[in-house]
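S.K.: Numbering-wise, this note's numbering comes out as the position in the sequence shown, counting from 1, plus 2. In this text, a Cβ means the ideal position worked out from N, Cα and C, and glycines have one as well.
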Amino acid sequence: MSLEAENPVFLREVRIGFAGRVIQEEMTFAIENGEFIAVLGPNGAGKTTLLKLLLGLVRPEAGEVWVFGRKPRRGNPAIGYAPQFRTLDTNFGVRARDLVGFGLDGHRFGPGFPSRKRRELIDRVIEEVGAAGYAEAPVGELSGGERQKLSLAQVLISNPGLVLLDEPLANLDMAAAREIIGLVGRLRVSRRVAVMLVTHDINPLLPHIDRVLYLANGRSAIGAPQSVITRETLSSLYNHPVDVVEAMGKKFVLGVET
Ligand SMILES: Nc1ncnc2c1ncn2[C@@H]1O[C@H](COP(=O)(O)OP(=O)(O)OP(=O)(O)O)[C@@H](O)[C@H]1O
Ligand SMILES: [Mg+2]
3 MSLEAENPVF LREVRIGFAG RVIQEEMTFA IENGEFIAVL GPNGAGKTTL
53 LKLLLGLVRP EAGEVWVFGR KPRRGNPAIG YAPQFRTLDT NFGVRARDLV
103 GFGLDGHRFG PGFPSRKRRE LIDRVIEEVG AAGYAEAPVG ELSGGERQKL
153 SLAQVLISNP GLVLLDEPLA NLDMAAAREI IGLVGRLRVS RRVAVMLVTH
203 DINPLLPHID RVLYLANGRS AIGAPQSVIT RETLSSLYNH PVDVVEAMGK
253 KFVLGVET
């Protein structure tokens, strides 16, 4: 079997751009089954656009994109996606368990799927993310961390092989962020699902991830954190002197916005 066919994600010499403006070029990498990847980079680097490329919402200007050996397509049931910006206001009065159930709509469990089975799937995934205590509560009453767990449940309920989480840790305090990261770390093992998680802070993810995909200045680097989050790699990526300082087990990138 070819590499393309086996991997959740495979990109070869991909260029992304809009109206002649290049956002990313020469993106070549593969993501393995069950891998946990942190996607980093400054505002506007193309992180969200990369996820949209995999979802078939943005087309590459050049190169090849494969998702589980197929061209990206909208509504791909193999992918679970939690967007960066959610219109939570519209879900304010929705019960937590109904929000999770939305993850089944548009899939093979959609209309016509027995309601008892639907209920069982919802109960099971809510249990899995530890949200049983507020399953009946309106979403508007819940904390940011609780909503993120529900969002994760919504994404996982259709049993995808690849999960794309766009800044799920934004607006969470460190304790809540660590809880979500630990949960994602456990679930990707128990469900053997590949995860791409976009974030601006690598530190809480360091014990859990396999590799970092760093986007900056139209280019990207992928590898273990200790080889990507370095003065050499980041200075070359940004084309600008960058320093990486380690203190108290954390990495601090100096000289650029991350
Ligand atoms: N449909 C589009 N048409 C034109 N330009 C776009 C489109 N979508 C994204 N862009 C541009 O592409 C660049 C990358 O945007 P993207 O949202 O991927 O950045 P990001 O890395 O996710 O940033 P952030 O950290 O702020 O979320 C931005 O300059 C954005 O304005
Ligand atoms: Mg973004």
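Identify which residue in L13, I128, T30, I183 has its Cα closest to the Cα of H210.
M.R.: Minimum Cα distance to H210 is reached at I183.
S.K.: F38 and L13 look like a contact to me (Cβ under 8 angstroms); what is the Cβ gap, rounded to whole Å?
M.R.: That belief does not hold up - the Cβ atoms of F38 and L13 are roughly 18 angstroms apart, past 8 angstroms.
S.K.: Should D168 go down as buried or exposed, given a rule of 16 or more other Cβ atoms within 10 Å for buried?
M.R.: So D168 ends up on the buried side.
S.K.: Tell me whether K49, by its Cβ, gets closer than 6 angstroms to a heavy atom of ligand 2.
M.R.: For ligand 2, at least one heavy atom lies less than 6 angstroms from the Cβ of K49.
S.K.: Look at the alpha carbon of G105 and the alpha carbon of L158, and state the distance between them as a whole number of angstroms.
M.R.: For G105 and L158, the distance between alpha carbons rounds to 8 angstroms.
S.K.: Taking only the alpha-carbon atoms, compute the straight-line gap between Q228 and Q26 and give it to the nearest angstrom.
M.R.: Each residue's Cα considered, the two are about 23 angstroms apart.
S.K.: Quick check for students: name the residue ranges of the alpha helix (DSSP H) that lie wholly in the stretch 198 to 242, counting only runs of 4 or more.
M.R.: Complete alpha helix (DSSP H) runs here, min 4: 227 to 230, 233 to 240.
S.K.: For T232, which residues in the same chain have their Cβ closer than 7 angstroms to its Cβ, ignoring the five residues on either side in sequence?
M.R.: Within the same chain, T232 has close Cβ partners V246.
S.K.: Would a C-beta distance cut-off of 7 angstroms place Q86 and T50 closer than the cut-off?
M.R.: A contact, by the Cβ cut-off of 7 angstroms.
S.K.: Sort E34, L166, I128, V191 by Cα distance to L57 and report the nearest one.
M.R.: Selected option, being the one with the closest Cα: L166.
S.K.: Ignoring anything shorter than 4 residues or poking outside the stretch 86 to 160, list the alpha helix (DSSP H) runs there in chain order.
M.R.: Fully enclosed alpha helix (DSSP H) runs of 4 or longer: 98 to 103, 117 to 130, 146 to 158.
S.K.: F43: buried (16+ other C-beta within 10 angstroms of its C-beta) or exposed?
M.R.: For the sequence presented, residue 43 should be read as Gly rather than Phe. Buried, since its Cβ has 16 or more Cβ neighbours within 10 Å.
S.K.: Taking G48 as the reference, give the member of E259, G142, A218, D203 with the closest Cα.
M.R.: That would be A218, whose Cα lies nearest to the Cα of G48.
S.K.: Return the bridge partner residues of G19 from the DSSP annotation.
M.R.: In the DSSP output, where bridge partners are listed per residue, G19 has V24.
S.K.: Would you call the CB atoms of S153 and A80 closer than 7 angstroms?
M.R.: No, the pair does not count as a contact, with Cβ atoms beyond the cut-off.
S.K.: Check for me: the beta strand (DSSP E) holding V165 runs from which residue to which?
M.R.: Residues 164 to 168.
S.K.: Sort G257, A179, G71 by Cα distance to N9 and report the nearest one.
M.R.: Measuring from the Cα of N9, the nearest candidate turns out to be G71.
S.K.: Measure the C-alpha to C-alpha separation of K253 and N205 and round it to an integer number of angstroms.
M.R.: The alpha-carbon atoms of K253 and N205 are separated by roughly 7 angstroms.
S.K.: Quick check on this structure: which residue in V16, N35, G65 has the alpha carbon closest to the alpha carbon of R213?
M.R.: Cα-wise, what sits closest to R213 is N35.
S.K.: At the level of alpha carbons, what is the spacing between G19 and N45?
M.R.: About 15 angstroms.
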